[in-house]
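Positions in the sequence shown are counted from 1; adding 277 to them yields the working numbering.
Where is the CB? At the ideal position from N, CA and C, for every residue including glycine.
The model shown is predicted, which means the values in this text are computed figures rather than measured ones.
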Amino acid sequence: MSQSNGLQCRVCEERGSSCLFAQHTKTRECENDDDICYSWFYRSGSDVGVQRTCLSVKSPEYNLIKGLIADVIKYRLNVELDSIRQAGTWKSERIISTSQSSHIKIENSKDDLLNFCANNYLGLANNREIITAAKQALDDYGSGLSSVRFICGTQTIHKQLEQRISKFHQREDAILYISCFDANAGIFETLLKEQDYIISDELNHASIIDGIRLCKAKRLRYKHKDMSDLELKLKESFNENNDNIIRLIATDGVFSMDGTIAPLPDIKCLADKYHALVFVDECHATGFFGRTGRGTEEYFNMIGTIDIINSTLGKALGGAAGGYTTGSKALIDLLRQRSRPYLFSNTLPPPIVASAIKAIDLIENNPSLPGRVAENASYFRTELQNLGFKILGDNHPICPVMLGDARLASRFADEMLKRGIYVIGFSYPVVPKDRARIRVQISAAHSKIDLQQCIQAFAEVGRQLEVIK
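In structure tokens form, the structure reads like this:
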């Protein structure tokens, strides 16, 4: 209980309790138009109550109330921040002082570090040809357009990139977004209505989960890669006799935290059986996965069979930014008319567009690049498994080294850094509790010597921290 100038505010100091203020204007208790009625909801252990007062905004007490509200907000934020620190899941940002590459420097360090935690799968983030293309676009088209696409934000290179993307994926059309997070936020709300169903893998990326939350469709979730459970959910969607229902199965092509690959042939088979569409997020596949880098579809020899593909320009395709949806022309036309992130976000900057076009050029003209990534990933996975580490996933350059405890993962990453290896420990809420890990990401830019140095560091730290014998 705290007291100030006769006003009392019950703010419990015990951990885990809270005090919340809600403001209501011009309620019946208020006598004047400028009065504000405050309801104070407080909790102290099992004691819960409500206090109400009406104050004129001109009164001195009004400012006191505003101060109390600010104190409570600060208190709640600090409680939440303290809980993150105590759980060992606090995330610190190391500042890189060089361009993104397999070899980097961080601020206040003179030594090179081997970078094994970037999405720079093809090593194109600092490619000279891509940088030159971006500089030329800066001269030709400017730094940005200060507009959304449908007003005055579409240049010739935006249409060129959309055409290149649709051709790359063998689709009718494509639409650009400022990020794939936005692409995922824009697809479900636009396509699905209240009577429709979306059936989603439980380990889908946060952007898919958030995108699904924005739509009004009925939501079903199936166990990770579990086709029996997926079929049960599809059967459940048939409880209503309505031919005007869209059933959409949503999955990552490759799951970013586990390195597992969605069983697309089985998913497609079930989709055909139950008249469902298939949506695949290919962010961790486009450009480097599959024989020529065309993603999970190509990996399973089924290019052109998936209804909707969302992916990114911010990983293998130059590593800058941007996302897209590719599919039928009718779908893309609808997204241009109704997708809110597309309609209400500025267009992708011209230098980034030019970077992505050049990245696609390099991938198409260097078909050996995806094979180099796969070879490096296979070698690294085999060597770490031989040391006794548990690695999740399939033969993919995402290599999650499982540790379990969040503090152990954080300490492991710190010890690796001392040995010149830059990796990050991932813990809750990015991954489930007690499933902390070091996520290693392999690039075509890593040499055999780079890989061996990383493997040696894992062996030393693993023995030091008693993760392996």
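For Y619, the three-state DSSP class (helix, strand or coil): Judged by DSSP in its simplified three-state form, Y619 adopts helix.
Stretch pair the region 690 to 702 + the region 392 to 411: three plus CB contacts closer than 8 angstroms: Touching, per the Cβ criterion.
Cβ neighbours of G595 in the same chain (closer than 6 angstroms, five flanking residues each side left out): Only L401, I407, S632, A633, A636 meet the Cβ criterion.
Given 8 angstroms, three or more beta-carbon pairs between the region 610 to 621 and the region 533 to 547: No contact exists between the region 610 to 621 and the region 533 to 547.
P677, DSSP secondary structure in three states: In the three-state DSSP reduction, P677 falls in the strand class (E or B).
CA-to-CA distance, E575 to E357, given in whole angstroms: Each residue's alpha carbon lies about 44 angstroms from the other.
Span separating the alpha-carbon of K725 from that of A651: Roughly 13 angstroms separates the two Cα atoms.
Candidates A548, G570, Y418, of which the one nearest P647 by Cα: Ranking the options by Cα distance to P647, first place goes to G570.
DSSP-derived helix/strand/coil call for K495: Assignment of K495 by DSSP, reduced to helix, strand and coil, places it in the strand class.
Outcome for M693 when other beta-carbon atoms lying within 10 angstroms are tallied against a minimum of 16: With 16 or more other Cβ atoms from the protein chains shown falling within 10 Å of its own Cβ, M693 counts as buried.
Under the three-state DSSP convention, the category T467 falls into: Three-state DSSP puts T467 in a helix.
F666, DSSP secondary structure in three states: Residue state, collapsed to three classes: coil.
Within the region 343 to 413, ranges of the beta strand (DSSP E) (whole runs, at least 3 residues): If we require 3 residues or more, the beta strand (DSSP E) runs fully inside the region 343 to 413 come out as 390 to 392.
Contact check, L390 vs A721, beta carbons under 7 angstroms: Going by C-beta atoms, L390 is not nearer than 7 angstroms to A721.
Short CB-CB distance (under 7 angstroms) between A548 and chain B: The structure shown has no chain B; it contains just one protein chain.
Element boundaries [alpha helix (DSSP H), containing N578]: Taken as a continuous stretch (DSSP letters only), N578 belongs to no alpha helix (DSSP H), as it is neither H nor E.
Cβ neighbours of V708 in the same chain (closer than 8 angstroms, five flanking residues each side left out): Hits under 8 angstroms: M534, R714.
Buried or exposed by the 16-neighbour rule on C-beta atoms within 10 Å, applied to C492: Buried: at least 16 other Cβ atoms inside 10 Å.
Whether S484 touches F458 by CB criterion (7 angstroms): By the CB criterion at 7 angstroms, S484 and F458 fall inside the cutoff.
Rounded straight-line distance, which links the Cα of T537 to that of L554: Straight-line spacing of the CA atoms in L554 and T537 works out to 22 angstroms.
Three-state secondary structure assigned by DSSP to H301: Confidence at H301 is low in this model, with a pLDDT of 43, below 50, so the placement of that residue should be treated as unreliable; the coordinate-derived value is given next. In the three-state DSSP reduction, H301 falls in the strand class (E or B).
Residue from Q440, Y656, L453 whose Cα sits closest to the Cα of V754: Since the first residue of the chain shown is 278 and the last is 746, residue 754 is not available in this structure.
Span of the alpha helix (DSSP H) around T569: Counting along the chain, T569 falls outside any alpha helix (DSSP H), and DSSP gives it neither H nor E.
Where H552 falls, given that 16 or more other Cβ within 10 Å makes a residue buried: Label assigned to H552: exposed.
For L422, the first and last residue of its enclosing beta strand (DSSP E): Boundaries cannot be given for L422, as no beta strand (DSSP E) includes it and DSSP labels it neither H nor E.
Per-residue burial, I361 [other beta carbons within 10 Å of its own, 16 or more giving buried]: I361 sits exposed, since fewer than 16 C-beta atoms from the chains shown fall within 10 Å of its C-beta.
Neighbour-count burial assignment, T433, 16 or more Cβ in a 10 Å radius: Counting Cβ neighbours within 10 Å, T433 comes out exposed, since fewer than 16 surround it.
As assigned by DSSP and simplified to three states, the class of Y705: Three-state result, Y705: coil.
Beta-carbon separation (whole angstroms), E247 vs A451, contact threshold 8 angstroms: No answer is possible for residue 247: it lies beyond the span of the chain, which begins at 278 and ends at 746.
Best match in D506, E479, D520 for proximity to A527 [C-alpha to C-alpha]: Among D506, E479, D520, the Cα nearest to that of A527 is on E479.
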